Each structure stands twice: as structure tokens, then as C-alpha cells.
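Enquirer: This is the structure, below, for whatever I ask next.
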Amino acid sequence: MTRNKDVESFLPMTPAMFHVLIALADGEKHGYAILKEVARRTERQVRLSAGTLYGNLARLESAGLIVESDERPAIGLDDERRRYYRLTDFGREVAIAEAERMDAALSQARAKKLFRKPRTA
Amino acid sequence: MSPMTSRTNLSPSQKVFRGLLSVLPSDFRANFGHEMESVFAEQRRDIEERGGWMDILKLWWETFLGIFRTAPREHWDILKQDCAYAVRMMRKNVGFTVIAVLTLALGIGANTAIFSVVHAVLLRPLPYPEGQQLVFVRQQAQREGIDDIGFSVDEIQDYREQNRTLSGLVEYHNMSFILFGHGDPDRVRAAVVSANYFDLFGVEPLLGRTFLPSDDTLGAPPVLILSYNYWRTNFGSDPDIVGKTFELNDKVHTVVGVLPPVPQYPVESDVFMPTSACPFRSAKTFIENRDSRMMEAFARVKPGVSIAEARADLTTISGRLRSEYPKSYPEQMGYAAVTSPLREELTHDARPTLLILLAAAAFVLLIACANVANLTLARTSRRERELAVRTALGAGRSRLLRQLLTESLILAIMGGLLALIFASNSLELLADFAARLTPRAHEIRMDTDALVFTLVAALGTSVLFGTLAALFSRANLTSGLKEGTSSAGTGRRKNRLRGALIVSQIAFSFVLLIGAGLMLRSLQKLLTVDAGFSAQHVLAMRTTFSFSKYASGDQLTVVGRKVLDQVQAVPGVLSASLSSVYPLEKEAIVAGSNAFSGPFRIEGRELSPGEAPPVTSQIVVSPGYFQTLGIPLREGRLLTDADDGKHQMVVLINEAAMRQFWPHEDPLGKRVRGENDKEWTTIVGVVGDVRDFGLERPAPAEFYVPQGEGVGPNALLVKTTADPVSVALAVARAVHKVDSQAAVTHTLTLEQARADSMAAPRVISSLLGIFGALALLIAAAGIGGIMALNVSQRVKEIGVRIALGAPPTAILRMILRQSLTLTALGVVIGAIGALATTGLLKSLLFQVAPTDPVTFTVVALVLIASALLASFLPARRAASIDPIVALRNE
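Just so you know, the protein sequences line up as chains A and B, in that order. 66 is the number of the first residue of the first sequence in the working numbering; add one for each residue after it. 16 is the number of the first residue of the second sequence in the working numbering; add one for each residue after it.
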């Protein structure tokens, strides 16, 4: 996929899509692992179902933000039906851009005292 | 990718989940289906370990939502891709695209147009509230064969009071008035109706009001309601028309309202007036005489009562009246009240014709489908490599089929859009044509139903030809790449399908062409039939004299004589005559000979008890009638000015009457009288038969009665030396010299009247002819195409044959024989189909049998010749194949 593709065209992202990218930021995962991590990390605020998860994976894959990983865990630990996904460099760029976009928005909100109490991320 | 677990080992919830997955595109399923199943299984396991049934329910709900949200997006993405791809393919292959779209547009367009007409006329409910409750009631003298003898005032009253099934019954009759005060005196067709006539129909006026009971009392100020058409064409849709006054005959009438466009039956009227406005209807002698019949009745059946119950109710009343007043209902006449749904009355003339046209249009669409399927097949043959490569690159088979179907869908939608343009452009013409068959014609328009029909036709069409083509590509997808070209087996199978498609096109075309051919033969017979009179150089017009001014028959005779004297003095006029009706006059054709017929008695012939008296049509004529129309005298003498009914009562009869009533004796000198007349009339002459009431109808038995007995000189006929139109103005001026208040209208030549009377068969022939020509063109192009493909597939084989010494003529013959075989097969099947269906045309045919051997032979020859012609080019190419080149290419 082309690296010079306009990152901006993916912004803003849907929460589900962004969370999938975040889930893959620290290494490749299979579908169920992504789903569980997103649920855990968001304290079950963002709940992906099988349908939405794979709809998003299909989109991210065809846009070149993620790829299916060739590397597989050792035999025995692996379920043959599972496929592993990892973030591409372009996907990482897009995720960063989205994070920065949100961060900028949050700073502005904070400057206008739109938070009840200061929170750490 | 691992194979999916077989269905039998699945748990119920796995089965349900897999069922849910089926809403996703097949590619998506193939790609992610297994993973989604395993993810869902793991989710469930986790929840079952720690959660309750509420959590499981929640999981199912979220899963369900997720899949149903994802599916449309995925399908939409694929559709976008497929469309873009399809458009690219179409651009690469403009010739195919144009031919396919045009073929489909013609096929769908013909159907949309005819459907719009059928829908407006036959399918849509009447434009009246609860229109299905409306019925038309007529009284018949069934033993006399009189279809509509009318009701008298007493009878209307009786049916109105004695029925138990109607919520209302209104009367109707029509007559002509002369309208003054708006340009030249104009003859207006007036409907004379009960005051609550429009309330019964539920018609709200467009302007002003409808009638009030007070309008319908004797001595009430005369009022008028204008029909929508009359208001539009004669008063330019004047919005201030209400309150204006016009003189009708001798009375000033005030316009109180204008009607919306509603169908008018039994005839179109210009104005409506209450019964009190008609001098005949309001005459005391008319009102008090049960036997003075002239009205029709409309009624509304009570809610919840069926038409059959109403019919039975009115039949009972009819029987009761017959036994109560035996003198008014002589046994031998067979009086009866007949009730029929209004909708049927309005449409029965149009139904057979429209259904035949609908069937013809459907045939054209089927032929178009077969043709496009064939084109698509030929194209997919050429695309086999491309499709096979895409399969190899991972596109699922169903994905490719979907792609092919999308392509056919786009073609069909383009065809459908073009079809709408074709249809809306032809609709006005069709509506004009339908107007000759039904008063509902002005309801014909393109509406949402027609649009929906077009959409459905386009979708159905694309599925039909797309599936045919796609199914056969499916067989080839696997073999395509393996062998480089299609395998012999599937190739043969495909050729067989293409052959079958061609045969079906030929067969359908044959049936259509037979229909067109029969109608054309019938039209040709109509054009050349001897109508019994000469229409050349004869001008006809309606002259209406105020019946208020000329109250007696004598006065009318006098004014008639004066008019003839004046007209005959016009330069260029050879002869002139007045009559009650003239041959092929539109109103006479619509009314039929029944409307002019009545019972009579022959001197010296007693009727046995219960025997019905004979019936004949009566035409009132001035002496010059026969000379003006060139009607030959067969026996005796013609009428003269001396035959004025004062000295000797005389009558002429036609040959049909002679054959019917005096088959073995000389009618001259025999005496007859009308059923209710006292004096006998002597037959003084026999004249030739004239097809007065339609070229296709044989002349009925007719009596020609000299003018003088109260019938107005309605039709003025003028025989001229040159073009009759050139004297029309001078003739009208001559009439006005006698009476400046006479209305001279409906001027036309008899040749025009004769041509007009054939308008319906002409339009049906033209439409079927157009459909047939389209079918022939499509079928010929189809067979030419398949032969060309055939030749290009067999280049090597033909090369070998030529190399082995086959002369070019043998090759030519071989290809032509093949085309001939397909065509002959199509013709045979088509002939069987035609024999089974042309019976439907029978009522529209004139002097031509539905199985007319001439038509069948000619059509078969035309089809075979066209097919051979279309195959000649590919055959010649085959014959000129250079064996060296052909074999080297392999």
C-alpha cells in the first residue's frame, strides 16, 4: 500500500477503528485478543462484536493500515483458525495522527475548563 | 483457509450464528467466517463461565446488531466496485453496450407504454368514490334483439321506489342543442340528467356547483354545467365562466358549474342540464306515458350489497312491472332490465385489444431478453480468460457471478431509463388510440405505478438474461484457465443454449408477425371492401335546426327543402341530400344499427302468439340521398319530392331486407307499418346494401323512409364536382341563408369518415406491425450473430475441410443449412404457438381466418429469408477461409 497516502483522509476515525489500532500498537494479535483488550482497556465502554470487529479489520486491511501477519506462535499454542494482525507503518502514522488530533481537542477543552477534575490518562 | 466444519456437527448456537453470517457477502464470509465463528465461540465460553443468561442474551444482541450493521456496508462496497468495473467493461465494448441497451429499451419501453394504458383503463379503480358500487342499467327488448330500448319516466320512478338494493338511481339521456352567444351557432351534445346525478357519482365540481333539486322543477331558471373538455377547448378554461349566460335553442341558460375530467358514458357530452330543461322529457304527454322510453339509468349499489344481488332485485321489479302492465310489455318483445358494473361498461370494448397488445409487448420483451442473453453469452465466451484469471487470483465463484449479474443489472437499468423516454413519448399517441375504445382514455398517464412497473420489468429482465448468461459462465470458470479456451463439452453445451435462445426468438417473432400479418390482411380487406356507396367527392356535415323553432314535422320538411334548394345552387355542387344519419358516421358506428331499429309488421302476415315482430333499421332520407351517395337502384323506383307522406306513404328497402323478409317473392307493392303506426306504407323500390354502421359489419335490413315525419334534417350530404372541402364554406353559408341560427358542425369528407372508421384496426395493425418488425430485426441480428460466432469457433475445422477439397459453395451451404435448421425449428414451434393463440384475435379480424394459410406461409418465408440473409455474411466468410492461414493460426 502506498505510504504517501493522505493520512488526513482517515481522520477522524470511528472509536471502534481507533481502538483496534491502539490494541495492535504493542504487537500483533488475533481477533479475539483484540476484542478482549479493547473491552479491558476501555472498562467495557467500547464493546466490539464479532461482526463489527471483522468489518473494521476488513476495512483497515484493505486500506493498508494493518496486515495479516506471517509469523505464527509455536505449534500447540496456536489455533489453526486464528489469523494474526499487525499494524503497518502507515497504520501507525494514522493512529498517531488521530491520537494527536484528539489530544489537541482535549487540550482545548481543558483550557476552557471543560473537565470536572484533572485526570491523568 | 480451512474448510468449514460440516453442518451436522454444529451446536444449535453455531448454526444460528452461521445463519446470521449468511447476510454478509460471500467473499467476506470466505475471508473471515471461520474466525468470526471462533471469536464468537470464545466470547460465549467466557461469558458462560462467569456470567448469567442476561449476559448471554446481551452478547447475542450485540452480535446480531454488529453483523447487521456491517453487512450493508460490505455489500455497498462490493456494489461500488462492481459498478465501476462494469462501466469500464462497457466502455471497452461500446457496440455491445449500445445494442444491448437499445434492445432492452425497446422491449421494456413497449411494455411500459402498453402497461400505462392497461393500468389506467383496465386496472385502476374508477375515478369516483366507491366506484365499484356504480352500475349502468338499461332496458332491453331481448326477443327483438334490441340492446337498449330505454326507460320511461314511470319506469325510472318504479325502479327507484321499489328497489331494496340501491342507495340511488338517476336517469340520463342525451340530445343536441344549438348554443348561441359564443361565436357561430354551435351544436352542443347535451346530457339531460336527474338533479342528484353528480351526487350519485360523488363528483365534486371543478368550479361552481352541481345541480340542486330546485333546478329540476318545471319553470326553474335554466342552468348548465359544462364538461371539462368543452370548457377547456371552447372557453379556453375561462375561470370566470360560472354565472355567464348562453342561449340554448330558445332559452337563456346560466352556467352554474364546470366538471372535473371524468369519463363520460355512454357518449361524450359537452354540457349537462336537468331533466326540466329538455322539452321532450318535460312534456306532460311524455311523462304520463309508460311506453315513451328514451332514458338510461345509473345506480349506486348500497354498501355491502353485491352487484349480483342488485341485478336480481332489478330483475324482480322488471318481472313485477311486466305482470302489472301487460300492455306496456308485450310478451313477444322480451322486456328486461339489465344491470352491469359501470367499470365493465366503460372498458369492455377496449379489453380484448389492450390485452392482445400487452401480450405482443411481452413477446417483444422476451425476444429482447433472449437476444441480450445471447449477446452476453457471446461476450462471456470472449471473457473466459479474464474470468478464469480472476478466479485464480482468489475471487470466489459467487463473487464473479455477482459481478456478471451487476453488469446485466446496469444494462437493464440503462435500458429501463431509455424505455421511460420511449414510453412517455408514445403515450399521447396511444391515448388517442385508446379514446376510440374507452371513455377512460384521458386517465392514461405515466404515474408511479408505471415507474414501478418499469423498474420491476428492468430488474426481472436483468435477472432473466443475466442468470442465463451467468449460469453458463459458471460451467466455464474452472475449465477456462486449464485449457486456455473453453473445453469442448461446455462449448457444445453453450452452443446448444445459444441455439435454443435463437429458436425461441424465431418462434416468438413468428407468433408476433402472424398477429401483425393477420391484422394487416384484415385491414387490407377493409380498405377494399365494397361499402355499397361512393365516398368520392362527398362532403358531410351535421346541420342542427332548433327543435323549439320548428316544432312540427311539416315545418322541418319545409326548412329542409329550402336548405337543399340553396345548397344545390352553390357552384360545384352536383347534388345534395338530407338524412337522419349517413354511412360510417362516427356516432352511428358507436351506437350501432340497433339504435336505429324498431319492430314492424308486414301486411297479411299474422304473428303466431308469442312470436316477435320483425325488426329493421330505419333511415330518414330526402330523395337525393341515393344519387348523392351513388347507391344503386335494384328494383322499382327511387323517392321523389312527391313522396312527402301526404298522398301515398312509401318506403324503399335494401337488398338485405329483401333477402330477410321476402326471400321468395317480389317485395314491390307489399305493405308494411311500424309496430305502433296505424297506416300501411307501400314498398316502391329496392336499393343496394350499404355498410352504414362499420365496414366490417354486413349491411343490416334497412328501410329508407322519406323525410317528413318529424325527424330533423340532421346530416347534410353534398356531392361535388371537385374537391369537396373547397365548397364547404359556401355550403355552410347557404344553410345559414335559410336559417342563420342553424348549427353547421362536424364537417368532413365521406372519404375521411371512411378512413376514420378504420382507425382502430389501423392502429392495432401498426402497433403489431412495429412490434413484429422489431422482433424480426432482433431475431435476424441474433441468428446472424450466432452464425458469425459459430464460424469463428470452427475456423480450423472449416480450414481442414477446404484443405481436403471441399468447394467453397459446400461450405456456404453447410453454414446456411445450419441457420436454416434453427430457423425452421423456430418457425415450426412458432406456428404451433400461433395456431394456439391467434384465436384471440378473431374478434378483431375481418374476412380473414385466424389460421389464414396465406399469412402463415408469407410470414414463414419472410422469417426464413431474413435468417438466410443475416447468415449469408458469416457463411461467405466461412467459404473464403484460407486453409493455410487457418491451420497456421493453431
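For glycine and all other residues, C-beta sits at the position ideal for the given N, C-alpha and C. As the structure is a prediction and not an experimental result, all values here were calculated from the model.
1. Does the beta carbon of Gly-116 of chain A sit closer than 7 Å to a beta carbon anywhere in chain B?
2. Which stretch, first to last residue, makes up the alpha helix (DSSP H) that contains Ala-770 of chain B?
3. In chain order, what residues of the region 77-98 of chain B put their CB closer than 9 Å to some CB of chain A?
4. Check whether the Cβ atoms of Phe-287 of chain B and Ala-206 of chain B lie closer than 7 Å to each other.
5. Anything in chain B within Cβ reach of Arg-147 of chain A, meaning under 8 Å, just list it in chain order.
6. Is it buried or exposed, Lys-266 of chain B, if we count other Cβ atoms within 10 angstroms and call 16 or more buried?
7. Taking Ala-123 of chain A as the query, report the chain B residues whose CB atoms sit under 8 Å from its CB, ordered along the chain.
8. Going straight from the alpha carbon of Ala-312 of chain B to that of Ile-193 of chain B, what length do you get?
9. Look at the alpha carbon of Leu-432 of chain B and the alpha carbon of Ile-899 of chain B, and state the distance between them as a whole number of angstroms.
10. Taking Cβ to Cβ, would you say Thr-368 of chain B is nearer than 7 Å to Ile-779 of chain B?
11. For the alpha helix (DSSP H) holding Lys-107 of chain B, just list the boundary residues, first then last.
12. For a contact meaning CB atoms closer than 7 Å, what does Gly-57 of chain B contact in chain A?
13. Can a CB atom of chain B be found closer than 7 Å to the CB of Tyr-150 of chain A?
14. Is it the case that the region 387-399 of chain B contacts the region 882-896 of chain B, given that we only count it when at least three CB pairs across the two stretches are under 8 Å?
15. With contact counted as at least three CB pairs below 8 Å, one residue from each stretch, are the region 522-536 of chain B and the region 372-392 of chain B in contact?
16. State the Cα-Cα distance for the pair Thr-260 of chain B and Val-753 of chain B, rounded to the nearest angstrom.
17. For Asp-464 of chain B, tell me which candidate among B:Ala-128, B:Glu-77, B:Pro-822, B:Leu-445 has the shortest Cα-Cα distance.
18. Which term fits Asp-285 of chain B, buried or exposed, when burial requires 16 or more other beta carbons within 10 angstroms of its beta carbon?
19. Helix, strand or coil, according to DSSP, for Glu-717 of chain B in the structure here?
20. Write down the C-beta distance between Gly-349 of chain B and Arg-158 of chain B rounded to the nearest angstrom, noting that I regard them as a contact closer than 8 Å.
21. Classify Gly-499 of chain B as buried or exposed, calling it buried when 16 or more other Cβ atoms lie within 10 Å of its own Cβ.
22. So which residues of chain B does Leu-100 of chain A contact, with C-beta pairs closer than 8 Å?
23. Using the C-alpha atoms, what's the distance from Ala-671 of chain B back to Leu-856 of chain B?
24. Which residues share a DSSP beta bridge with His-95 of chain A?
25. Give the interface partners of Gly-120 of chain A over in chain B, defined as CB-CB distance under 7 Å, in chain order.
26. Leaving aside the five residues before and after Ala-135 of chain B along the sequence, list all residues of the same chain whose C-beta is less than 6 Å from its C-beta, in chain order.
27. Based on the DSSP output, what are the partners of Gly-272 of chain B in its beta bridges?
28. May I have the straight-line CA-CA distance separating Lys-951 of chain B from Tyr-212 of chain B, to the nearest angstrom?
29. Just to confirm, is the Cβ distance from Leu-184 of chain B to Ala-314 of chain B under 7 Å?
30. Check the Cβ of Arg-112 of chain A against every Cβ in chain B and list those closer than 7 Å, keeping chain order.
31. Along the alpha helix (DSSP H) that carries Leu-361 of chain B, what are the first and last residues, could you check?
32. Classify Thr-118 of chain B as helix, strand or coil using the three-state DSSP reduction.
33. Using a Cβ-Cβ cut-off of 6 Å (strictly less than) and excluding sequence neighbours within five positions of Arg-68 of chain A, which residues of its own chain qualify?
34. Would you give the residue range spanned by the alpha helix (DSSP H) that Gly-431 of chain B belongs to?
35. Examine chain A for any beta-carbon lying closer than 7 Å to the beta-carbon of Glu-498 of chain B, and answer yes or no.
Expert: Once the coordinates are examined:
1. It does; some Cβ of chain B falls within 7 Å.
2. In this chain, the alpha helix (DSSP H) harbouring Ala-770 of chain B covers 765-772.
3. Within the region 77-98 of chain B, the qualifying residues are Glu-77, Thr-78, Phe-79, Leu-80, Gly-81, Ile-82, Phe-83, Arg-84, Thr-85, Ala-86, Arg-88, Glu-89, Asp-92.
4. A contact, by the Cβ cut-off of 7 Å.
5. By Cβ distance, chain B contributes Glu-50, Ser-53.
6. By the 10 Å Cβ count, Lys-266 of chain B comes out exposed.
7. Correct list: Phe-43, Asn-46, Phe-47, Glu-89.
8. Just so you know, the alpha carbons of Ala-312 of chain B and Ile-193 of chain B end up roughly 25 Å apart.
9. Going by the C-alpha atoms only, they are around 49 Å apart.
10. Yes.
11. Taken as a continuous stretch (DSSP letters only), the alpha helix (DSSP H) holding Lys-107 of chain B covers 68-107.
12. Just to set this straight, residue 57 of chain B is Glu in the shown sequence, not Gly. Near Glu-57 of chain B (Cβ distances below 7 Å), the residues of chain A are Tyr-97.
13. Answer no: the Cβ-Cβ gap between Tyr-150 of chain A and chain B never drops below 7 Å.
14. Output reads no: the region 387-399 of chain B does not touch the region 882-896 of chain B.
15. Yes, since at least three Cβ pairs between the region 522-536 of chain B and the region 372-392 of chain B fall closer than 8 Å, the two stretches touch.
16. A direct Cα-to-Cα measurement between Thr-260 of chain B and Val-753 of chain B gives close to 26 Å.
17. Nearest option by C-alpha distance: B:Ala-128.
18. That one is buried.
19. Note: Glu-717 of chain B maps to strand in three-state DSSP.
20. Taking a contact as a CB-CB distance under 8 Å, the pair Gly-349 of chain B and Arg-158 of chain B counts as one, their CB atoms being some 3 Å apart.
21. Here Gly-499 of chain B scores only 44 on pLDDT, less than 50, and its place in the model is too uncertain to base an answer on.
22. Chain B residues near Leu-100 of chain A: Val-54, Gln-58.
23. Whole-angstrom Cα-Cα distance: 28 Å.
24. Looking at the DSSP assignment, His-95 of chain A forms a beta bridge with A:Tyr-149.
25. Near Gly-120 of chain A (Cβ distances below 7 Å), the residues of chain B are Thr-85, Arg-88, Glu-89.
26. Cβ contact annotation for Ala-135 of chain B (same chain, cutoff 6 Å, sequence separation greater than five): Glu-458, Ile-459, in chain order.
27. Answer by DSSP bridge pairing, in chain order: B:Gly-223, B:Ile-240.
28. For chain B, the structure presents residues 16 to 905; residue 951 of chain B sits outside this window and is missing.
29. Against a cut-off of 7 Å, the Cβ pair of Ala-314 of chain B and Leu-184 of chain B comes out as a contact.
30. In chain order: Glu-77.
31. 357-362 is the extent of the alpha helix (DSSP H) around Leu-361 of chain B.
32. In the three-state DSSP reduction, Thr-118 of chain B falls in the helix class (H, G or I).
33. Low local confidence applies: a pLDDT of 43 at Arg-68 of chain A is under 50, so the model's placement there is unreliable, with the coordinate-based value given in what follows. For Arg-68 of chain A, where only same-chain residues beyond five positions count, the Cβ hits under 6 Å are Phe-155.
34. Its alpha helix (DSSP H) spans residues 412-449.
35. Bear in mind that a pLDDT of 45 at Glu-498 of chain B, under 50, signals an unreliable position, so the number given afterwards is only what the model happens to contain. No, its Cβ sits nowhere closer than 7 Å to a Cβ of chain A.
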